[in-house]
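> Chains as they are written, first to last, in my numbering: chain A, 230 to 622; chain B, 230 to 622.
2 protein chains.
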Amino acid sequence: MFEFTLEASSSAARSGRLALPHGTIETPCFMPVGTQGTVRALSPNDLRMAGATLVLANTYHLHVRPGEDVVAQLGGLHRFMAWDRPLLTDSGGFQVFSLAGFRRVSDDGVEFQSHLDGARRFLTPERATEIQWTLGADVAMAFDHVIPGVADEKTARDALERTLQWLERCAKRHQELRRSGGQADGAAVTERQSACPPVRQTLWPILQGGTHLTLRGEGLRRILEMGSWSGLAMGGLSVGEPKPAMYEMLATLEPRLPPALPRYLMGVGFPADLVAAVERGMDLFDCVAPTRNGRNGTAFTPDGPVNIRNAAYREDARPLDETCDCEACTTFSRGYLRHLFQAEELLGLRLLSLHNVRYLIRLAGEMRGAIRDGSFAGWADSWRHRYLQPDLA
Amino acid sequence: MFEFTLEASSSAARSGRLALPHGTIETPCFMPVGTQGTVRALSPNDLRMAGATLVLANTYHLHVRPGEDVVAQLGGLHRFMAWDRPLLTDSGGFQVFSLAGFRRVSDDGVEFQSHLDGARRFLTPERATEIQWTLGADVAMAFDHVIPGVADEKTARDALERTLQWLERCAKRHQELRRSGGQADGAAVTERQSACPPVRQTLWPILQGGTHLTLRGEGLRRILEMGSWSGLAMGGLSVGEPKPAMYEMLATLEPRLPPALPRYLMGVGFPADLVAAVERGMDLFDCVAPTRNGRNGTAFTPDGPVNIRNAAYREDARPLDETCDCEACTTFSRGYLRHLFQAEELLGLRLLSLHNVRYLIRLAGEMRGAIRDGSFAGWADSWRHRYLQPDLA
Chain A
230 MFEFTLEASS SAARSGRLAL PHGTIETPCF MPVGTQGTVR ALSPNDLRMA GATLVLANTY
290 HLHVRPGEDV VAQLGGLHRF MAWDRPLLTD SGGFQVFSLA GFRRVSDDGV EFQSHLDGAR
350 RFLTPERATE IQWTLGADVA MAFDHVIPGV ADEKTARDAL ERTLQWLERC AKRHQELRRS
410 GGQADGAAVT ERQSACPPVR QTLWPILQGG THLTLRGEGL RRILEMGSWS GLAMGGLSVG
470 EPKPAMYEML ATLEPRLPPA LPRYLMGVGF PADLVAAVER GMDLFDCVAP TRNGRNGTAF
530 TPDGPVNIRN AAYREDARPL DETCDCEACT TFSRGYLRHL FQAEELLGLR LLSLHNVRYL
590 IRLAGEMRGA IRDGSFAGWA DSWRHRYLQP DLA
Chain B
230 MFEFTLEASS SAARSGRLAL PHGTIETPCF MPVGTQGTVR ALSPNDLRMA GATLVLANTY
290 HLHVRPGEDV VAQLGGLHRF MAWDRPLLTD SGGFQVFSLA GFRRVSDDGV EFQSHLDGAR
350 RFLTPERATE IQWTLGADVA MAFDHVIPGV ADEKTARDAL ERTLQWLERC AKRHQELRRS
410 GGQADGAAVT ERQSACPPVR QTLWPILQGG THLTLRGEGL RRILEMGSWS GLAMGGLSVG
470 EPKPAMYEML ATLEPRLPPA LPRYLMGVGF PADLVAAVER GMDLFDCVAP TRNGRNGTAF
530 TPDGPVNIRN AAYREDARPL DETCDCEACT TFSRGYLRHL FQAEELLGLR LLSLHNVRYL
590 IRLAGEMRGA IRDGSFAGWA DSWRHRYLQP DLA
């Protein structure tokens, strides 16, 4: 379990298989984001039809509402959101630093104010690990100290050191929970074991270090020395730093990453970022871009983004994306989809979200195919030529 | 085509079959409302899974946005909204009188201000008929003058007379369109005939007369004298008058309605109204109640309405309605559905809308079954006992 099998590579780009308790996923893999235990506007059936194999949910959000105790009482996160395929939970670190109205960081943890009701809450590496254990996703993430992408070296070093100390504590608590067979908080959990059987779960470290290569290198070395992991996440990227800085960071680090670990680039991405990151050896991705953009009326297509509100589509009988097999593209015209957005109809939000998720999942699938048949470099050039052209024209 | 076959009856309650160009529907039948060419929050697949056979769309809304010319250019209303089963369009009369910011009624028609952009528009019986012909629904409705349910006899007589005059003009224009083979406005339509073939469509009259039995009786007599119709709608009910007044109106009129015509009670209803109306001989119904209530978090169940936001459902693992086979009830717990509403997630709006539509369609199906096997009176008593009990307790 949790074994990653590398099947093919083409320069740095890789394709492989990751075995998780709720199923095996193929990489490169894009995971839709179900922030509050639901991928916005989509049902589990929609996600299956879009070909999703792995979905992310947010520990911070589920902790503040409805609370992990409620999720456990309702059978754990898989049962709660009716998703029987693999799940990954983010640790809450990112949200504590991006959403909370107030926060006080100490070496022990983070005191913060809930963005919902202003209540003071305290998250530690141990609590974040326990919450994720209670939720029961296949993959849990270590609790990290996230800083802005443009942070100076001193700030970045401070956050890196704290994240490394927290990682040790997360790993220790996770180990204890695995040994105890699932009792995160005593009797209450024991009682509900029949409804919520102990889930085998793995914990992945998150590499921080901002845009400072020395820090990233040191962080990587210390993470790998700390234990034997089943995966590795790159955090603190795609958080406001210039795109070239992120690409450089990935390209420089890649040769030093153990090939046997799946590499999860957090918070990426948009189509062109996904391709660039796969070229630089990344395997797993999550981002709200497909659903958020979909709700704004922007659809990804092979010829670049399309804003469906554009008056040009008023009487356009063509599908959104002629190459796509999703419900939006096989059932409706651009003219109808535009009407749904003009009329502020909920179905429009859903159809464009569905299309964008399907688009990124198909994009990951195309990359898998190209890597496996050895044509990835040429594929990536053609893809970029077609996708970026409209923006350059 | 458009023939109604009465299959069974039990006192006034009836069950039959209505043949329409896009399929045969069984009555009693509840039709979900797709105001703007989409049943809010639901896709055509959702509607098929909910068992919908007939869907209503609003002429007024589609005329002001996107415009019937756009719908025709995109292949007509069926193709536009990707609904291949029967469609009925309301004439726009109701919306002109309920939504427009300004209106001036003359015998010729109604000048009104669009609720969207304030633009002045003019609808006449002829225009309403042409627009519906262009949209291409299976059933078109005559353009009527709708008044509040509590209007006095003088106002009601005035509106009835105008509605009867307008009906003659609608029928005349509809006849011309049928004879001309689909050319509503000349060359433009001819050009797109290949994309939008002439649809066989029928036109139904709407009986007005407020809560004044004499007027209703007179209106009915004059409508039946005017021609041979394939259906008959009861308008101007469920528009603010007391419930008992509506029930009395239906019970008194029912023996005078020709058995061979399907009877469409417009704008009804809530579950208890649906049962009461079927008891009084009505066959077809439309209402936004299931979707509007669903979006507010209220679900119809055999034990009465449930508000899913209620804190009592926080950890409730039971389905919303144990007797229901819809996606919401077979997939999710009440606790999860409550969470979706608490978290303001779009999936909640969709799931409760889907359940409520399915509920009314199943309710109509149960009534069909009970009428056909002769148990309707007992069925209705048991149903009411269970459904109304929580409200009485």
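Every residue, glycine too, gets a C-beta built ideally from N, C-alpha and C. All values reported here derive from a predicted model rather than from experimental measurement.
By DSSP, does B/Ile254 sit in helix, in strand, or in coil?
When DSSP states are grouped into helix, strand and coil, B/Ile254 belongs to the strand group.
> Round the Cβ separation of A/Ala371 and A/Ser320 to the nearest angstrom and send it over; I've been treating them as touching at under 8 Å.
6 Å
> Going by DSSP, what residue range makes up the beta strand (DSSP E) through A/Ala242?
Ala242 to Leu249
> Classify B/Thr559: buried if its beta carbon has 16 or more other beta carbons within 10 angstroms, exposed otherwise.
exposed
> CB A/Ala281 to CB A/Val586, shorter than 8 Å?
Taking a C-beta distance under 8 Å as the contact criterion, A/Ala281 and A/Val586 qualify as a contact pair.
> Closest Cβ-Cβ distance between B/Arg543 and chain A: below 8 Å?
yes
> Since A/Asn287 is in the beta strand (DSSP E), which residue starts that stretch and which ends it?
Bounds of the beta strand (DSSP E) holding A/Asn287 are Val284 to Asn287.
> Taking A/Gly438 as the reference, which of A/Ser457, A/Met463 and A/Arg429 has the closest Cα?
A/Met463
> Say whether chain A places a C-beta atom closer than 8 Å to the C-beta of B/Tyr565.
At least one chain A Cβ lies under 8 Å of B/Tyr565.
> Rounded to the nearest angstrom, what separates A/Ser240 and A/Glu508 at their Cα positions?
8 Å
> Across the segment 304-315 of chain B and the segment 335-343 of chain B, are there enough close Cβ pairs to call them in contact, namely three or more that are closer than 8 Å?
When Cβ pairs closer than 8 Å are counted between the two stretches, the segment 304-315 of chain B is seen not to touch the segment 335-343 of chain B, the count staying below three.
> Distance, Cα to Cα, B/Pro261 vs B/Pro473?
25 Å
> Compare the C-beta of A/Gly304 against all C-beta atoms of chain B and say whether one is closer than 8 Å.
Answer yes: the Cβ-Cβ gap between A/Gly304 and chain B drops below 8 Å somewhere.
> List, in chain order, every chain A residue whose beta-carbon is nearer than 9 Å to that of B/Val299.
Those are Arg543, Glu544, Gly564 and His568, listed as they occur along chain A.
> With a CB to CB cut of under 6 Å and the five nearest residues on each side skipped, what residues in its chain are close to A/Pro273?
Ala311 and Trp312
> In chain B, which residues lie less than 7 Å from A/Phe309 when you measure between Cβ atoms?
Tyr565
> Quick check on the burial criterion: 16 or more other C-beta atoms within 10 angstroms. Buried or exposed for A/Glu420?
Because the pLDDT at A/Glu420 is just 41, under 50, the model does not fix this residue reliably, and the point stays unresolved.
> Could I get the ranges of all uninterrupted alpha helix (DSSP H) runs contained in the segment 311-338 of chain B, with 4 residues as the minimum, in chain order?
322-327
> Kindly say whether B/Arg451, judged by its beta-carbon, lies nearer than 8 Å to any beta-carbon of chain A.
no
> Measure from the C-beta of A/Arg521 to each C-beta in chain B and report whether the shortest distance is under 8 Å.
no
> Any contact of the segment 395-402 of chain B with the segment 447-467 of chain B, i.e. 3+ C-beta pairs under 8 Å?
yes
> Taking the alpha-carbon positions, what's the B/Ala609 to B/Pro519 distance?
20 Å
> Have a look at A/Asn536 and B/Gln404 and give me their C-alpha separation to the nearest angstrom.
C-alpha of A/Asn536 to C-alpha of B/Gln404: approximately 42 Å in a straight line.
> Note the first and the last residue of the continuous beta strand (DSSP E) segment covering B/Ala237.
Phe233 to Ser239
> Could you name the residues of the segment 338-365 of chain A whose beta carbon sits closer than 8 Å to any beta carbon of chain B, in the order they occur along the chain?
none
> Could you name the residues that DSSP lists as bridge partners for A/Tyr493?
Bridge partners of A/Tyr493: A/Ala462 and A/Leu513.
> Take A/Leu575 and list the residues in its own chain whose beta-carbon comes closer than 7 Å to its own, dropping the five residues that flank it on each side.
none
> Between the segment 288-303 of chain B and the segment 593-612 of chain A, can you find at least three pairs of beta-carbon atoms closer than 8 Å?
no
> On the DSSP bridge assignment, give the partners of A/Thr431 in chain order.
A/Val368
> Please name the residue, chosen from B/Phe259, B/Thr358 and B/His584, that lies closest to B/Gly322 on a Cα-to-Cα basis.
B/Thr358
> Give me whichever residues DSSP pairs with A/Val262 in a beta bridge.
A/Leu285
> Which residues does DSSP list as the beta-bridge partners of A/Gln437?
Looking at the DSSP assignment, A/Gln437 forms no beta bridge with any residue, so it has no partner.
> Have a look at the DSSP bridge pairing and note the partners of B/Asn536.
Looking at the DSSP assignment, B/Asn536 forms a beta bridge with B/Thr527.
> Got a sec: is the Cβ-Cβ distance from B/Pro273 to anything in chain A below 8 Å?
At least one chain A Cβ lies under 8 Å of B/Pro273.
> For the alpha helix (DSSP H) that contains A/Arg601, what are its first and last residues?
Leu575 to Arg601
> Along chain E, which residues have their Cβ under 9 Å away from the Cβ of B/Ala270?
No chain E appears in this structure, whose protein chains are A and B.
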